[in-house]
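S.K.: When the letters of the sequence shown are read in order and numbered with the working numbering, they come out as residues 11 to 129.
All residues carry an ideal CB built from backbone N, CA and C; glycine is no exception.
Note that the structure is predicted; figures quoted are calculated from it, not measured.
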Amino acid sequence: MATLQLLKTEPTGLVFSDPAVPGLTIRFRNTSSMKTLNGVSVKNLMAEIICNDANSVTVGGVAAIDPVSIRIRVSGAAESATRIGVLLEALRDQIDNWNSEHFFQGFNPTTAPVVPKAT
Numbered sequence: 011m012a013t014l015q016l017l018k019t020e021p022t023g024l025v026f027s028d029p030a031v032p033g034l035t036i037r038f039r040n041t042s043s044m045k046t047l048n049g050v051s052v053k054n055l056m057a058e059i060i061c062n063d064a065n066s067v068t069v070g071g072v073a074a075i076d077p078v079s080i081r082i083r084v085s086g087a088a089e090s091a092t093r094i095g096v097l098l099e100a101l102r103d104q105i106d107n108w109n110s111e112h113f114f115q116g117f118n119p120t121t122a123p124v125v126p127k128a129t
């Protein structure tokens, strides 16, 4: 494991990288816009974590670089922060199952998602 360093500050967030591995970056992005809920205008907050990596692979006996990208995007009003946290935790706890079922390699998951009911 390597702790990444702050590479740059952008108007909407931060980008981290490792000087020894320039193809690996993690970007934190925050934006907002207005939306209407029951006729009331509220601020909709959008947060993203974007991980990009240049992964070395061998395909057909030839070395290649595979650009890998992982994006987590959350959107909702500040009033939904607690529910968003609950859903993120539920999904986090199930990612290993879906990974072992090869979902990220194109197969459908066999484990159905389990999430707490909204209160």
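Is Ala128 a contact residue of the ligand ADP, with contact defined as CB to any heavy atom under 8 Å?
M.R.: With respect to the ligand ADP, the structure offers nothing, as it holds no ligand at all.
S.K.: What does the alpha-carbon distance come out to for the pair Ser27 and Leu17?
M.R.: Here the question's residue 27 lines up with position 17 in the sequence shown. Here the question's residue 17 lines up with position 7 in the sequence shown. So the two alpha carbons sit approximately 6 Å from each other.
S.K.: Extract the residue ranges of the alpha helix (DSSP H) inside the stretch 67-103, only unbroken runs of 4 or more that lie entirely within it.
M.R.: If we require 4 residues or more, the alpha helix (DSSP H) runs fully inside the stretch 67-103 come out as 91-102.
S.K.: For Arg39, tell me which candidate among Leu24, Pro32 and Pro29 has the shortest Cα-Cα distance.
M.R.: In the sequence shown, residue 39 corresponds to position 29, counting from 1. When each option's Cα is compared against that of Arg39, the closest is Leu24.
S.K.: DSSP on Asn65, reduced to helix/strand/coil?
M.R.: Walking along the sequence shown from the start, residue 65 turns up at place 55. Strand, per DSSP.
S.K.: What separation, rounded to the nearest whole angstrom, lies between the Cα atoms of Ile94 and Thr35?
M.R.: Counting from one through the sequence shown, the residue named residue 94 turns up at place 84. Counting from one through the sequence shown, the residue named residue 35 turns up at place 25. Near 25 Å, if we compare the C-alpha coordinates of Thr35 and Ile94.
S.K.: For the candidate residues Thr41, Val84 and Thr22, whose alpha-carbon lies nearest to that of Val96?
M.R.: Translated into positions along the sequence shown, residue 96 becomes position 86. The shortest C-alpha separation from Val96 is found at Val84.
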